[in-house]
Structure formats: C-alpha cells, structure tokens
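Report on the structure given below.
Number of protein chains: 2
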Amino acid sequence: MNAGRTARERARAELTEEIKTAAREQLATVGAEALSLRAISRELGMVSSALYRYFASRDELLTALIIDAYDALGEAAEAAASGGDPVDEWIAIYAAVRDWARANPQEYALIYGSPISGYQAPQTTVQPASRVPLLLLGLLQRAQASGRLVTPPEAPAPSGVLAQQTEVLVALAPDVPPAVLVRTVIVWTQLFGMLSFELFGQLVGTMDPADEFFASASRQMAAFVGLS
Amino acid sequence: MNAGRTARERARAELTEEIKTAAREQLATVGAEALSLRAISRELGMVSSALYRYFASRDELLTALIIDAYDALGEAAEAAASGGDPVDEWIAIYAAVRDWARANPQEYALIYGSPISGYQAPQTTVQPASRVPLLLLGLLQRAQASGRLVTPPEAPAPSGVLAQQTEVLVALAPDVPPAVLVRTVIVWTQLFGMLSFELFGQLVGTMDPADEFFASASRQMAAFVGLS
DNA sequence: ACAGAACCGAGAGCAGTGCTCTTGACAGTG
DNA sequence: CACTGTCAAGAGCACTGCTCTCGGTTCTGT
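Here it is as structure tokens:
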C-alpha cells in the first residue's frame, strides 16, 4: 500500500481512514443515528466543515461505514468456512456471524436494523451485502456435489411466482433443488431474526443468554435445509 | 368513555391522544429517529414547551408509541385467531402480523428495528410485547389438547441451560413438549426476521414481492413446530 | 364563596446538530 | 515563477431537545 503518488494523495487516503475509524468509535458508543460529524471532527482536532472535503454528506459517510460493515461480516463468515464437513462448516459460519454481530452490535444494527430515515442505500451496498448468503449457497452447492445434501421429502417444490423468484438463486447454485433454495432463504431470515432479537433485547426473560439456543437453532436449521 | 371527572382531565386526555396521533403521523412520514417534538407542536398549533406538560421527554413519548404499537400488533394478531383449525389459524396469524407490519412499517421498525440510541425500554413494554408469542403458545397448547400437535421425531429435547430456559415457557404452555417450545422460539425469530428483511429491503432482488415466499414459509414453519 | 394550590400555554434562551459559503493559505504542475 | 486545484478554518442558517420563568386559568378544600 501507500502506492499513492503524491504526498497529498497519501495524506488524503490516510485522513479518510482516520475519519472512518473515529466514526466507527462513535458508532460503537452512541449509535448510528446519534453519529455526529462535529463530534468526529472534534476528536480529530479539525473543524467540522473540513470533513466535507472527504465525505460529501453524513449519508455518504454512513454508506462507507455500511459497506465496511458488510465486508467485515462477510470476511468473518468466510474465514470460518473451513471447506470440511458441511454440517460443521454450517455451524461454524453461524457462530462466526453471531460472534461478529455481538462484537460489533452497532455496526450490525447499521446494516440489519431499521433503515435510517431519509437515507437510501445506494446500489454499491448490494454486492458486499450478499457475501454471507452467497457463502451459504456455495456450501450447499458443494454439499450437494458430495452427496451430503438430501432434499427433505416434506419440502414442497415452489411453484408460481415463487418458482420464478428462485431462478435467481438457481443461477448461483444450479445443483441445489429449488425446494432447498426456498428453505435457504427461510433459514437466512431466521438467522438474522434470531440475532436481531438477541442483540435488540427481545429475548430477555426467555432465551437470554442465547448461546445454547443459538447452537440448537444452528443445528436444527442445518437439518432443515437438508444437510446431514 | 369520557368518564374523566373534571373538564381539565378530559381536555388533558384528549390532547394527549392528539399528540400521539400527530406523532404517529410524523412517524409514518419521517421515521422514528427524525421524530421532532417541535414539528408535532407546530402541527398542533402550540408551542414546543407545552408538550412537556404531557410527556416529560421525547423518550417518554416514544415509550407511549411503542406500547401502542405492540398493542395494535397484538390486537391485529388476536383478531385473526379464529380458534378453528390450528394450521389455518397459524397461517392466519402470520398473515395478520405481516399485514399489520406492511401497513405500519415505521411502527414496526419502532418495535422490532434497531433500538433507539440512548433510549432504554422500560419494563412497561414487556407485557404488550409478549402478546404475539403468547398467542402462538396458546394455539400450540390447544392444538396439543386436540391431538393436532405431533412432536417431530427429529426435534432434539433441550438439555442444560436450554432446558432451564424453557421452564419459563413450560409454565405458559405446560402440555407442549420442550422440544416444540424451542422450535417455537425458532419460528418466532424466523417470522420477524423475514418481516424485517422484507420491510427493510434486504430481499430486494430475490424474494421481493414476498407474498408467495411468506405463504410458503408460514406453512413450512407450522409443520416445523409440529402442527398438522 | 373564596383563597391557595395545581395546572396550563407562551416565550426566551441554552447547547447542540447538519450543512453551506467564503476566505486565505498551501502544494503540485506547467 | 505563476497558475490551478486542494485544503482547513470560520461565520452563519435553520433546525433540534430541553429548561425556566412568566402570567393566566381551573380545580379544590375550607
């Protein structure tokens, strides 16, 4: 790195990173909606207006943080993908996603919580956002190839609009039967619903702490999609 | 109604309701985090400081809105509980929850989205918040009594901490086997994960519009907990 | 019936916010 | 050297939640 030519460009790249770091610190303490450009600038010893040389608006800073968060989560999940036993790998990915979410609750809320009002996520975010689902699809595709994926007999084959919608997923994991693909979306939503409930305090009083519950759910969801 | 004694008390109750109505309108247009007391007061033709006679703080107003939202959702779900065929009723409840969420996305985000930074939900919210899960538990309890609930053979009986945590739920639905109770929490998280993904735009590009997917998931989750 | 207490809305004011615009200094390039 | 583009700074605008004080109204106990 630091292949930037001029001193100006290098300084600019460094300061951009410093701003994001300070923003992430603020994110962790006060949350996304209370993220203040002035507070960031104060921490960096500069004046608030100077930040606008680096990020055109608060929203643009948020977009950068969102993309970084998706990438960090994707990286954590991918690092847990051993390529070994499909069920073990599935559970390892689940655990990695949960660990990341618990370690970075505000960044998790930023990407999987309620959308920030007035903020429209640009198209740039969809690629980083799809890293985790793609990882799970890839796992299923490989499991199918090695005969470790059995289509549950009670899983109904999608028809109508649903069949049409699964086409997108079929293109990504052609060997995985459509019924399993629908179930993959179900467990995908389950995973993040479970995490949101845990992090946002919806489980307090019942399944909190959720370690055991999460472990049980991981296993049962692996079985639900047909992994064995 | 209007059994309030003095004119002052009646006026106060009415104005409190008007404030909440105006707040809900604002909620629907600009979202929870941009909810502004000054804007509400402007709409009501009064001065911002006057609102503090009715709600001690913005947080207190939010708490009132949160409780109202939980109650509205609970009421919608309970209205859909026919008491007839368990599977039909299960699916009807799911549909009612989704309909309410789609009709009131900002109120949904208020209760199931990321927590508002600096805001601590008081104990008062947990009773209204538990109406939907209690409804599902009651349904399962009745289904068990009428022999329409079969414990899925592959469902592992909880042990350790998990068994201990299910005690709370066993107290509410004593006839439902613990393995099914754990699965109930799984589908509970799945339901709201699915709704959050649909409302927060995470499904765009795949399962959106989610009508068919939602219908399929409702049915599969009913089967997953053992309803037949 | 009337005094005192309780309640009410209005207004000014504080400290904070995102964002814009202008100004003057500096670095990189011809 | 001169020019061009970039930079941080500062003032300012319109907004926020919240506090306090000020008079006026309404209720309540005697």
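Line by line, the protein sequences are chains A and B. Each residue of the first sequence is one higher than the one before, starting from 380 at the first, in our numbering. Each residue of the second sequence is one higher than the one before, starting from 380 at the first, in our numbering. Backbone N, C-alpha and C define an ideal beta-carbon position, used for all residues, glycine too. Remember, predicted model here, so these are calculated numbers, not experimental data.
1. How many whole angstroms separate the CB atoms of A/Ala460 and A/Ile470, which I take to be in contact at a CB cut-off of 8 Å?
2. Taking a contact to mean a Cβ-Cβ separation below 8 Å, would you say B/Ala536 touches B/Pro557 in this structure?
3. What I want to know is whether the C-beta of A/Ser436 ends up closer than 7 Å to one or more non-hydrogen atoms of the ligand NAD.
4. How many angstroms separate the CA atom of B/Pro501 from the CA atom of A/Ala524?
5. State yes or no: is the beta carbon of A/Ser496 nearer than 8 Å to at least one beta carbon in chain B?
6. Which term fits B/Arg403, buried or exposed, when burial requires 16 or more other beta carbons within 10 angstroms of its beta carbon?
7. Given A/Leu518, which residues of its chain have a CB within under 8 Å of its CB, disregarding the five upstream and five downstream residues?
8. Mind checking B/Glu610: buried by the 16 CB within 10 Å criterion, or exposed?
9. Using a C-beta to C-beta distance shorter than 7 Å, which residues of chain A count as neighbours of B/Ala596?
10. Just list the residues that DSSP pairs B/Leu606 with in beta bridges.
11. Could you name the residues of chain A that B/Ile557 contacts, counting a contact when the two beta carbons are closer than 9 Å?
12. Along the chain, which unbroken stretches of the alpha helix (DSSP H) at least 4 residues long are found entirely within the stretch 515-594 of chain B?
13. Kindly list the residues whose CB is nearer than 8 Å to the CB of A/Leu406, restricted to its own chain and excluding five residues on each side of it in sequence; keep chain order.
14. I need the boundaries of the alpha helix (DSSP H) containing A/Asp450, first residue and last residue.
15. State the Cα-Cα distance for the pair B/Asn381 and B/Tyr433, rounded to the nearest angstrom.
16. Where do the N-terminal and C-terminal ends of the alpha helix (DSSP H) with B/Arg417 fall, by residue?
17. Under a three-way DSSP split, which group does B/Val505 fall into?
18. Going by alpha carbons, who is nearest to A/Ala455 out of A/Leu514, A/Ala401 and A/Ser493?
19. On the DSSP letters alone, give me the boundaries of the alpha helix (DSSP H) that A/Arg481 sits inside.
20. Give the residues from the stretch 525-555 of chain B that approach chain A closer than 8 Å (Cβ to any Cβ), ordered along the chain.
The relevant details are as follows:
1. Not quite, the Cβ-Cβ distance comes to about 11 Å (not below 8 Å), so this is no contact.
2. yes
3. The ligand NAD is not part of this structure, which contains no ligands at all.
4. 51 Å
5. yes
6. buried
7. Ala460, Pro465, Glu468, Trp469 and Ile472
8. Past the edges of chain B, shown from 380 to 607, lies residue 610 of chain B, and the structure says nothing about it.
9. Ile565
10. B/Leu528
11. Residue 557 of chain B is actually Pro in this sequence, not Ile. Going along chain A, no residue has its Cβ under 9 Å from B/Pro557, so there is no contact; the nearest lies around 11 Å.
12. 540-551 and 557-578
13. Leu414, Leu444, Gln485, Glu486 and Leu489
14. Arg437 to Ala459
15. Because the pLDDT at B/Asn381 is just 45, under 50, the model does not fix this residue reliably, and the value given afterwards should be weighed accordingly. One C-alpha to the other measures close to 18 Å.
16. Leu416 to Glu422
17. helix
18. A/Leu514
19. Pro465 to Ala482
20. Glu533, Ala534, Pro535, Pro537, Gly539, Val540, Leu541, Gln544, Val547 and Leu548
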